[in-house]
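Participant: So that we are looking at the same thing, I have put the structure below in structure tokens.
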Amino acid sequence: MKIINIYHIFIFSCLLFISCDIEDGRDLNGPSTGSISSDLSRGELQDAVSGILADMRTRLGTQVDAQAVAGREYWRFQSSDPRWTADLLTGTLDNNTFYTTAPYAARYANVKNINLVLQGLENTTESFSNEEIAGIRGFVNTIKAHELLMVLNQQFLNGIRVDVADVDNLGSFLSYEDSLTAILDLLTNAADDLSNAGDEFAFGLPSGFNGIEGASGIVDEPENSIVSPADFLTFLNALAARVEVYRGNYASSLEFLEDSFMVLENGADLSTGAYFTFSLSGADIANPLFFAKNSTGANARIAHPTFITDAEDGDNRLSKVVFREAPNSSDVIVPNPLTQSNLTGGFDVFVYESNVAPVGIIRNEELILLYAEANHISNPLEAVRALNIIRDAAGLDPYLGGTSPTELVTEILKQRRYSLFAEGGHRWIDLRRFDRLNEIPIDRSGDDFFEQFPTPANENR
Amino acid sequence: MKKQTHFSKMKILLLLIFAPAFLLAQETITGKVVIEDTGEGAPFVNIVENGTDNGTASDIDGNFSITVSSLPARLRVFALGFSTKMVDVATAGDITIEIGESTEALEEVVVTGLATSVKRSNAANAVSSVSAEELAELTPPQTLDGALAGKFAGAQITRSSGAPGGGISVRLRGVTSVNGNSQPLYIVDGIYVNNNSISASGLNAVSGAAAGGNASNQDNPSNRIADINPDDIESVEILKGASAAAIYGARAAAGVIIITTKRGKAGKTKVSFSQDVGINRIINFRGQRQYNEDRVFDFFFSPNDDPILNERSRNAANLQVAAFVDARNSGRLVDYEKEIYGEDGLISNTSVNVSGGSENTQYYAAFSNNDEDGIVKNTGYNRKSVRFNLNHDFLNDKAKLSLSSNYIDSKADRGFFNNDNTGTTLGVALTSTLPWAQLQPNELGVYPDNPFAASNPLQTRDLITNREEVDRFIVGGTLDVSLYRNEKSDLKLILGGGVDYYNLVTTAIFPKLLQFQKISNGGLNGVVGIGRTENKDANYSAFLVHNYTTSNALNLRSQAGVTKLTFFRNTIGNVASDLIAFENNLDQGANINVSQFRQEQEDFGFFVQEELNYQDKIIATIGVRGDKSSNNGDANEFFYYPKASAAVNFHKFDFWKFDVLNQFKIRAAYGEAGNFAPNGALFTTYTNSLIDGIAGIVVPTVLGDPNIDPERQKEFEVGFDASLLDSRINFEFTYYNKTVDDLILQANIEPSSGFTTEFSNAGDLENRGVEAVLNATVFQNDNFDWNTGVIFFKNTSEVTRLEVDAFDLGAFGTGLGTYRIEEGKSVTQIVGNNADGDLVVLGDAEPDFQMTFTNNFRYKDFDLSFLWHWKQGGDNINLTNLLTDFGGTSPDFDDVTLDPAGVTPNGPFRVGAFRSGNATPFTEDASYLRLREVGLYYTLPSRFLDQIFRGNVSRFKIGFSGNNLINIFDYNSYDPEVSNFGSNGLSTGVEVTPFPSSKRYLFHVNIDF
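The listed protein sequences derive, respectively, from chains A and B. Here the working numbering is used: the first residue of the first sequence is 11, the next is one more, and so on. Here the working numbering is used: the first residue of the second sequence is 10, the next is one more, and so on.
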């Protein structure tokens, strides 16, 4: 009897024990993506927008380095990863390694950030005004266009996917031309939104955008130092001008430039524009394009020797590189060239002078050069005028060469090479646009140029 | 081995016989002890007056005589192999005491249920186990993991680093998970013991190892099972696959390692003291390249079409030649490999334990201090462990309480090793440091910058700190209550519980003085990282066990019970950089980065099992475990893990006439076990970002799956055990086939989706293998014994289903060789591009087979034992060579052995292969033959003991031993046993400038009082 009782009690308590519910586990370490896409609240908006702006910088270093090496702006030495001086100089590219996959994935990750916000905006129960909604949509779509353009710059004729909102049902690859068109469409629609976005965004922007504050010319009421949707539109137009120049739509490009933050005059501040900012605090990141002078082969950016030898006398843009020298064993300062993989260079790239120096997204100097390019066929003299603004700032005499399109292109490419050196991998894109990749200097036998990065293997094309 | 245990028990027995010589005789009981079933006299059985130390033993025929102080008296009758019996005697004179053979006492037992075990001869699984002697007494291992290597069939144990303080990967019967946990569950005295590897905060900020696209663990952390003191262990049992491990259900797919610690025995208090002293020394130097003027010049000169640059390069090269010649002529060429790895690390282990107790209460108390310096200055390991184990019987022996408690204070200085992307770890910096670099500090203690690397390795070694400190309590107990007992049946209640709690503090200090921390060199001006992990795992269980024996000796044992497990982890990492002055506090930095990781989990389970034993002839078991967990998509869904097994002891049947073959058992077992989705697999969680002081959220790279199921392993094993010539030769053979269904894969996804990988249940894999174990007493007489053992095992694996595309993981891409999960292929295949740029299989990490040979010789008072371990086949991806080729320092740089054309020296050949994307030269055969352990001991004979110590010492043993003293391999680096990515996952066997492993020489003194 007693035993049976014990059994009963035991079995009963076991059943009780088993049937008691346990709570579903949840992730204790961060918000789920569903929390944004299912219902975007005002509080989350700032986090999401700030995340988008922060994420624009992810793998920026890898992308700029890879393109700059492709265009022989500089060599990237890294003793622990010699693919920089192998694949990227021989042109035998791997479709499944970091220089192909990392920037690609980083840009699309940000596109995902943006798509989640757009989804959240549709599902929102927050009382956003129509102006606020237009502002949010216009803003994030502008960034989306920028991110897609970055991918397309590497992928070129491979084309890219533009519609990637549904993970299980990704849109097809568009051709290069169609991709550019789609990017411009995104910008055009975003421009519509921004012009209906009222005076103020529903979120704050980081200081990297301070340079375009007031660029719209519309006076704030009351005056403040906040970037308004209209100010941001000038940034959008700058990007659109870049896209149109890439497409060869010079007339349309000129219209966008007109409405951008471009200042086309001698002595204008060429650095005006929008920037990525960096810091060392918390989850922020340091400028990935900075290395100290005289860095060792562990990690170095060494200017391609032709950058120095091809420069015109007196070009002050040569200050973007620094002659490497160091004391020898008897404390005499001697040249300190760096050699890796049979490549020797005597100059460090020193465009960014600290690990928190900002990196331009797009700035006045590029806009002026886009302006020159947009005019070089239709209005060569206007092109020369723009080029001379750049030359003047560089401490050079006015341009005296011919004004045939070919001659002007040569000059434009040269000015772009020195003005935009080591900033975004422009040289390689520019040579490609004019079918001049064969001008790329070849340093070693077996080296070659290439015109695009492969589509990452995991895209399963 | 068992022999020895037997001897020591015999000693106690003899003590018991002679101790009461001077007792005052009052009442004398005489009689005979007979064996229950046969009626034969039972020799050498102890008869003790209960509650006193008055006792005797039966003679060879079972006769005895005992004098007690008064009557009635209660006699306690016990002997090895028999159940203890209490006999009440009211009158002096002749009595007959019947004792029954015990089913559990003499023979080694193996775990078959959560609350039960069976003797090994009845087990239906090939459960491997080793005893204390095999584990730690031959040569003391630094950590538990080192003690296991080579001793278990089916266990591939790889040390990931030579750094003191452990770090191993244990793979039981092949790979069991691709992206989930692949390390076994550790149970110590019933307590779930945590085996996390937690990287020190701040290391990655300096090394940037994870920045190159491989976010795995490359920080060389130790794993927490290293905290268990091997000296405290009585036995280790390994449940290698689901057929045995199903009892542990949802956590058991990677196998279970069950550790039992030492316990006190009733009788005289025994004090045991041991001291080891020894050294650690590197196993193998890679060596130095032989430089001459031409080689130096060639390395530095790169011809250029531009005459100015050409000249400049020539001048720079000539400067290096001059520096080299100068250093060579003045004898200042430095072998930096020896400089860094050439230290003799001192080892000192002290341990004291006291054990003893009365019939009702026994205790074991132990203290040990293990101190061990590494082969690199400022690396080392210290562990202080205190253990107290207590057994207490009460309620007239109806209840038995058994407690075990352990406090551990361990500290490991791990150095700075493995892969990096900043050229700063000791290993990577050495690859390009040439012997004419002058790196020694000047008289002011200022270290010059290394002109050939981003770090001066001497400075890094001397100034950095990378320390793990652990404070840990492991406490648990079981209460075993006999609720009811009669002749045919009994019922027991077994309650158990345990807690494993630890605090781990990691400290990484990179002072601003370091070459790579100087702002002028692009450094962060000093980095301090402090990580703090609080971990608390708790387990509770309650079981009922019912035994029922029918009249024809059919025994039925039923058990049922429930378990509850909770897991809690909280890791906070703080990294400060840009430090003020030379301060190391977190608040002394300009930039402070905080990270936190939390994990909580709760599991509920039940277990029921029925065991049937027909006269030890047929033994069958059937059971099921059900588990639910907060870590599943649906927390309240039960997952069921069934098991069934049968063993037939043919030699017990009447028809068995082969006397030579005194034991022959055929066994088969089937079981299922689970493996939880790894942390985060269920969720897609934003990570945080910061720009311009504004916090934000960004999508992670991994897409979670909220509906993910646990992985399910199904294992079937079959085998036989045979003993010949009165068990002088024992042979075990096992074949197993285990499949893992619903593999949780972190497979690649189109990166345009915004994610790089996604979790899903997307494949199955299969492991098949054989294990054979042979033990033999080759020779045995009074003066000389020779025991030998051979273990052979082999495993092959295959991915049998893959719903996602084949994907690479666990290394650095196809240009260097990588693992690749591909349907129809081995799980551990290594693929890469060949010279033609085609993706081909370059190797397989799975060994062709492994064998170990153990031999124990005893000649009079000398014991000699050794363990050889032969791993045949199994490949590594060795990238250390490539890095030294880039730095021009490979010892074989100028040899011509690799180029099929016989023209290009190895250095340029490997670099050339790398440049053309050819991974072939980097996959290397990692076979080895190694003398893992050897020990020679002398035990002072008792006649000397009495003379020297006047009877105060019961045993005095001295000896020498060593680990890894002989290593034979063709592998082109320090040691083929290596892992850049730590212990988990597939990617053991990737080498990037590791902490080289060491051999150990030890001297021992062991005194028992």
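Where is the CB? At the ideal position from N, CA and C, for every residue including glycine. Note that the coordinates shown come from a computational prediction; the quantities given were computed from them, not determined experimentally.
Under 8 Å by Cβ, that's how I've got B/S231 and B/E478 pegged, so tell me the actual separation to the nearest angstrom.
Facilitator: Actually they do not touch by this definition, with Cβ atoms about 11 Å apart.
Participant: Rounded to whole angstroms, what's the CA-CA distance from A/S48 to B/V707? Just pull it up for me.
Facilitator: Distance between the alpha carbons of A/S48 and B/V707: 16 Å.
Participant: Is A/D458 near the ligand MG, judged by its Cβ being under 7 Å from some heavy atom?
Facilitator: Ligands are entirely absent from the displayed structure, and the ligand MG is therefore not among its contents.
Participant: What is the residue span of the beta strand (DSSP E) that A/F286 lies within?
Facilitator: Residues 283-286.
Participant: CB-CB under 6 Å to A/I399, same chain, minus the five flanking residues each way: which ones, in chain order?
Facilitator: Counting only Cβ-Cβ distances below 6 Å, and skipping sequence neighbours, we find N276, I378.
Participant: Taking 8 Å as the CB-CB limit, is B/Q610 close to chain A?
Facilitator: By this cut-off, B/Q610 is an interface position.
Participant: Return the bridge partner residues of B/I384 from the DSSP annotation.
Facilitator: DSSP lists no partner for B/I384.
Participant: Which residues, in order along the stretch 168-189 of chain A, keep a beta-carbon less than 7 Å from a beta-carbon of chain B?
Facilitator: From the stretch 168-189 of chain A, only R171, V174, V177, L180 have a Cβ closer than 7 Å to chain B.
Participant: Do we get a CB-CB distance below 8 Å when we pair B/V707 with the residues of chain A?
Facilitator: Answer yes: the Cβ-Cβ gap between B/V707 and chain A drops below 8 Å somewhere.
Participant: Apart from the five residues on each side of it in sequence, which residues of its chain come closer than 6 Å, Cβ to Cβ, to A/D294?
Facilitator: Correct list: empty, nothing qualifies.
Participant: Which whole-angstrom value describes the C-beta separation of B/S206 and B/K674, a residue pair presumed to lie in contact below a C-beta threshold of 8 Å?
Facilitator: Going by Cβ atoms, the distance from B/S206 to B/K674 rounds to 39 Å, so no, they are not a contact pair.
Participant: So A/D121 contacts chain B; which residues on that side make the cut at Cβ distance below 9 Å?
Facilitator: It should be noted that the sequence gives Val, not Asp, for residue 121 of chain A. Simply S761, G763.
Participant: Please state whether DSSP places B/G456 in a helix, a strand or coil.
Facilitator: For clarity, residue 456 of chain B is Tyr in the given sequence; the question names Gly instead. B/Y456 falls in the coil class under three-state DSSP.
Participant: Using the C-alpha atoms, what's the distance from B/S281 back to B/P952?
Facilitator: Residue 952 of chain B is actually Arg in this sequence, not Pro. Cα to Cα, B/R952 sits roughly 19 Å from B/S281.
Participant: Which residue's Cα is closest to the Cα of B/N915: B/W879, B/T359, B/G897?
Facilitator: Nearest C-alpha to B/N915: B/G897.
Participant: So that I know if they touch, is there some Cβ in chain A lying closer than 8 Å to that of B/V437?
Facilitator: So, interface residue.
Participant: Counting only runs of 3+ residues fully inside the stretch 560-597 of chain B, write out the beta strand (DSSP E) ranges in chain order.
Facilitator: DSSP runs (the beta strand (DSSP E)) wholly in the stretch 560-597 of chain B: 563-588.
Participant: Using the Cα positions of B/V197 and B/L523, report the straight-line distance between them to the nearest angstrom.
Facilitator: So the two alpha carbons sit approximately 43 Å from each other.
Participant: Taking the alpha helix (DSSP H) that B/D903 belongs to, which residues open and close that run?
Facilitator: Premise fails: B/D903 is in no alpha helix (DSSP H) and is neither H nor E.
Participant: If you reduce the DSSP assignment to three classes, tell me which class B/D70 lands in.
Facilitator: In the structure shown, B/D70 sits in coil (DSSP, three-state: anything other than H, G, I, E or B).
Participant: A/I170 bridges to which residues according to DSSP?
Facilitator: Per DSSP, A/L184.
Participant: Give me the subset of the stretch 512-541 of chain B whose CB atoms are less than 7 Å from a CB atom of chain A, sorted by chain position.
Facilitator: Against chain A - using a Cβ distance shorter than 7 Å - the residues of the stretch 512-541 of chain B are S529, N530, G531.
Participant: Give, in chain order, every residue of the stretch 204-220 of chain A whose Cβ lies closer than 8 Å to some Cβ of chain B.
Facilitator: Those would be G214, P216, S217, G218, in chain order.
Participant: Could you check what DSSP says for A/R443 in three-state terms: helix, strand or coil?
Facilitator: Three-state result, A/R443: helix.
Participant: For the structure I just gave you, are there three or more beta carbon pairs, one from the stretch 556-565 of chain B and one from the stretch 488-506 of chain B, closer than 8 Å?
Facilitator: A contact exists between the stretch 556-565 of chain B and the stretch 488-506 of chain B.
Participant: Let's see if you can read the secondary structure: which residues bound the beta strand (DSSP E) around B/T630?
Facilitator: Counting along the chain, the beta strand (DSSP E) containing B/T630 begins and ends at 627-638.
Participant: Along chain A, in chain order, which residues have C-beta atoms closer than 7 Å to that of B/T696?
Facilitator: Simply G40.
Participant: Report, in whole angstroms, the separation of the C-beta atoms of B/N724 and B/G683, which I expect to be a contact under 8 Å.
Facilitator: The sequence shown places Glu at residue 724 of chain B, rather than the Asn named in the question. The Cβ separation is near 12 Å, so there is no contact.
Participant: Would you say B/N188 lies against chain A (beta-carbon separation less than 8 Å)?
Facilitator: Not one chain A Cβ lies under 8 Å of B/N188.
Participant: Could you tell me the alpha carbon to alpha carbon distance between A/H386 and A/L423, rounded to whole angstroms?
Facilitator: Distance between the alpha carbons of A/H386 and A/L423 is about 12 Å.
Participant: Return the residue from the list A/G370, A/V237, A/G218, A/F242 that minimises the CA-CA distance to A/L280.
Facilitator: Of A/G370, A/V237, A/G218, A/F242, the residue nearest in Cα terms is A/G370.
Participant: Below 8 Å on the Cβ atoms is my contact criterion, and I expect A/R171 with A/L180 to pass it. Report the Cβ-Cβ distance as a whole number of Å.
Facilitator: Confirmed, Cβ separation roughly 6 Å.
Participant: Report the neighbours of A/L63 on chain B: residues whose CB is nearer than 9 Å to its CB, in chain order.
Facilitator: Per Cβ cutoff of 9 Å: S698, I700, D701, I703, G705.
Participant: If we define contact as Cβ-Cβ less than 8 Å, is A/G370 a contact residue for chain B?
Facilitator: Not an interface residue.
Participant: Taking A/F301 as the query, report the chain B residues whose CB atoms sit under 7 Å from its CB, ordered along the chain.
Facilitator: Per Cβ cutoff of 7 Å: G531.
Participant: Here's the rule I'm using: 16 or more other beta-carbon atoms within 10 Å means buried, otherwise exposed. How should B/K389 be labelled?
Facilitator: The sequence given here places Gly at residue 389 of chain B; Lys does not occur at that position. Buried, since its Cβ has 16 or more Cβ neighbours within 10 Å.
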